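J.: Please see the structure below; I have some questions.
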Amino acid sequence: MNITEQEKRIESLCRKDLYEENKNQVIKVWFCAERDIRVPNARAYLYFYDESLSKIIDRKREVYMEYNDALKELLIYKAQHGELYSDIVITLHPNGNYEFRYWFNEERIIKEEYDVALRSAKWFPHTMAKALVFYHLAEVNFKKKYESIIMTFEIKEGEPFVDYYLVNEKGQHKPVYDSNKVAKYEETITRNTSNVKTWLKEHYERTNHGILKDIWKPWNKIVVSVPPSGYLNQLEDIHYYLDDVELEKDFFLKGY
Numbered sequence: 006m007n008i009t010e011q012e013k014r015i016e017s018l019c020r021k022d023l024y025e026e027n028k029n030q031v032i033k034v035w036f037c038a039e040r041d042i043r044v045p046n047a048r049a050y051l052y053f054y055d056e057s058l059s060k061i062i063d064r065k066r067e068v069y070m071e072y073n074d075a076l077k078e079l080l081i082y083k084a085q086h087g088e089l090y091s092d093i094v095i096t097l098h099p100n101g102n103y104e105f106r107y108w109f110n111e112e113r114i115i116k117e118e119y120d121v122a123l124r125s126a127k128w129f130p131h132t133m134a135k136a137l138v139f140y141h142l143a144e145v146n147f148k149k150k151y152e153s154i155i156m157t158f159e160i161k162e163g164e165p166f167v168d169y170y171l172v173n174e175k176g177q178h179k180p181v182y183d184s185n186k187v188a189k190y191e192e193t194i195t196r197n198t199s200n201v202k203t204w205l206k207e208h209y210e211r212t213n214h215g216i217l218k219d220i221w222k223p224w225n226k227i228v229v230s231v232p233p234s235g236y237l238n239q240l241e242d243i244h245y246y247l248d249d250v251e252l253e254k255d256f257f258l259k260g261y
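Going by my numbering, the final residue of the sequence shown carries number 261, and the count climbs one at a time with no gaps.
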């Protein structure tokens, strides 16, 4: 890749997306990516600002994907050649001049990683409940009346364990899925359960040893009671435990 030519191409595309009233002022285009743009499906976003970076400028978005993809290609190329950057600011001058500034924005990245991790951790029980129960299937037991579906997510000797069953109106414990009726969905159910185990291990590591360890209480088991509506009540339906001792809920209820 010729960096100079790629930068010129991006600059031209960015100018093409400006409205006429903005072409006579200094415009800054800020492209922000995740920690490593080379990771598959790495997130990135882009804004047009005024010169002070205080006001977002609207744009046509006619050629957005062209310069968005070109910026990703540019960062990937640089990363592959020993220059890992997360941010680019392009300054567009009315006289046709332009500058590209590259840097690695550790402060922004850490904050975004923390925010994403916290949001994911808070919604983990909700997400797992939806991943394990297929409410749209006509052949499942829980289409009949039931009190709740009890799900247990546990880390035992470092390994993830997942179990769930249905509690009927008589208080009896029954399988959520009738194996005789859902044989054709067995592969999907097995795959989803395997995915949930992977996500459980990631959730455990993130909250006990990772980026959230300073605000999340240590735990090794979650018990979720899923009501017939399928929607969880944070106060009543989600329970974290450490060695079978239930924890206070304050640490994961903040921000709901």
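Don't be surprised by glycine CBs; every beta carbon is placed ideally from N, CA and C.
The model shown is predicted, which means the values in this text are computed figures rather than measured ones.
With respect to the beta strand (DSSP E) encompassing residue 160, which residues constitute its N-terminal and C-terminal limits?
T.: Here the beta strand (DSSP E) through residue 160 covers 153 to 161.
J.: Indicate whether residue 51 and residue 73 have their beta-carbon atoms separated by less than 7 Å.
T.: A contact, by the Cβ cut-off of 7 Å.
J.: Only counting the same chain, and skipping five residues up and downstream in sequence, which positions put a Cβ closer than 8 Å to that of residue 226?
T.: 157, 158, 159, 160, 245, 246, 247 and 249, listed in sequence order.
J.: Would you say residue 19 and residue 92 are within 7 Å of each other, going by their C-beta atoms?
T.: No, Cβ-Cβ distance for residue 19 and residue 92 is not below 7 Å.
J.: Looking only at C-alpha atoms, which of 151, 57 and 43 sits nearest to residue 83?
T.: Here the closest residue by C-alpha is 43.
J.: Measure the C-alpha to C-alpha separation of residue 192 and residue 198 and round it to an integer number of angstroms.
T.: Cα to Cα, the separation comes out at about 10 Å.
J.: Exposed or buried, which one is residue 133 when buried takes at least 16 other CB atoms within 10 Å?
T.: Buried is the call here.
J.: If you count every other CB in all the chains shown that lies within 10 Å of the CB of residue 109, and 16 or more means buried, which is it?
T.: Exposed is the call here.
J.: When we look at the beta-carbon of residue 188 and count the other beta-carbons within 10 Å, is it buried (16 or more) or exposed?
T.: Exposed, because fewer than 16 other Cβ atoms sit within 10 Å of the Cβ of residue 188.
J.: Which residue marks the beginning of the beta strand (DSSP E) containing residue 274, and which one marks its end?
T.: Since the first residue of the chain shown is 6 and the last is 261, residue 274 is not available in this structure.
J.: Below 8 Å on the Cβ atoms is my contact criterion, and I expect residue 151 with residue 171 to pass it. Report the Cβ-Cβ distance as a whole number of Å.
T.: Indeed they touch by this definition, with Cβ atoms about 5 Å apart.
J.: Taking 7 Å as the threshold (C-beta atoms), are residue 94 and residue 22 in contact?
T.: The answer is no: Cβ separation not under 7 Å.
J.: Cutting at 6 Å between CB atoms, please list the residues of its own chain near residue 205, excluding the five before and the five after it.
T.: Correct list, in chain order: 158 and 165.
J.: Secondary structure at residue 40, three-state DSSP: helix, strand or coil?
T.: Coil at residue 40, not helix or strand.
J.: Look at the alpha carbon of residue 106 and the alpha carbon of residue 53, and state the distance between them as a whole number of angstroms.
T.: Looking at the two C-alpha atoms, the distance is approximately 15 Å.
J.: Can you give, in chain order, each stretch of the beta strand (DSSP E) that sits fully within the stretch 19 to 64 and has at least 3 residues?
T.: Listed in chain order, the complete beta strand (DSSP E) runs (minimum 3 residues) inside the stretch 19 to 64 are 32 to 38 and 49 to 54.
J.: Quick check: the stretch 57 to 64 against the stretch 115 to 125, are there 3 or more CB pairs under 8 Å?
T.: At 8 Å Cβ cutoff, the stretches do not touch.
J.: Given residue 168, which residues of its chain have a CB within under 6 Å of its CB, disregarding the five upstream and five downstream residues?
T.: 157.
J.: Assign residue 127 to one of two classes, buried (16 or more other C-beta atoms within 10 Å of its C-beta) or exposed (fewer than that).
T.: Result: buried.
J.: To the nearest angstrom, report how far apart residue 230 and residue 237 are at their CA atoms.
T.: Whole-angstrom Cα-Cα distance: 8 Å.
J.: Is the beta carbon of residue 12 sitting closer than 7 Å to the one on residue 31?
T.: No, these two residues do not count as a Cβ contact at 7 Å.
J.: Residue 240: which of 228, 232, 219 and 254 sits nearest, CA to CA?
T.: Cα-wise, what sits closest to residue 240 is 254.
J.: What span of residues does the beta strand (DSSP E) with residue 226 cover, start to end?
T.: First-last of the beta strand (DSSP E) with residue 226: 226 to 231.
J.: Give the single residue among 75, 114, 215 and 98 whose Cα lies nearest to the Cα of residue 15.
T.: Closest by alpha carbon: 75.
J.: Suppose the cutoff is 7 Å on Cβ atoms and the five residues either side in sequence are ignored; what does the same chain contact list for residue 98 look like?
T.: Closer than 7 Å at the Cβ level, and outside the excluded window around residue 98, lie 31.
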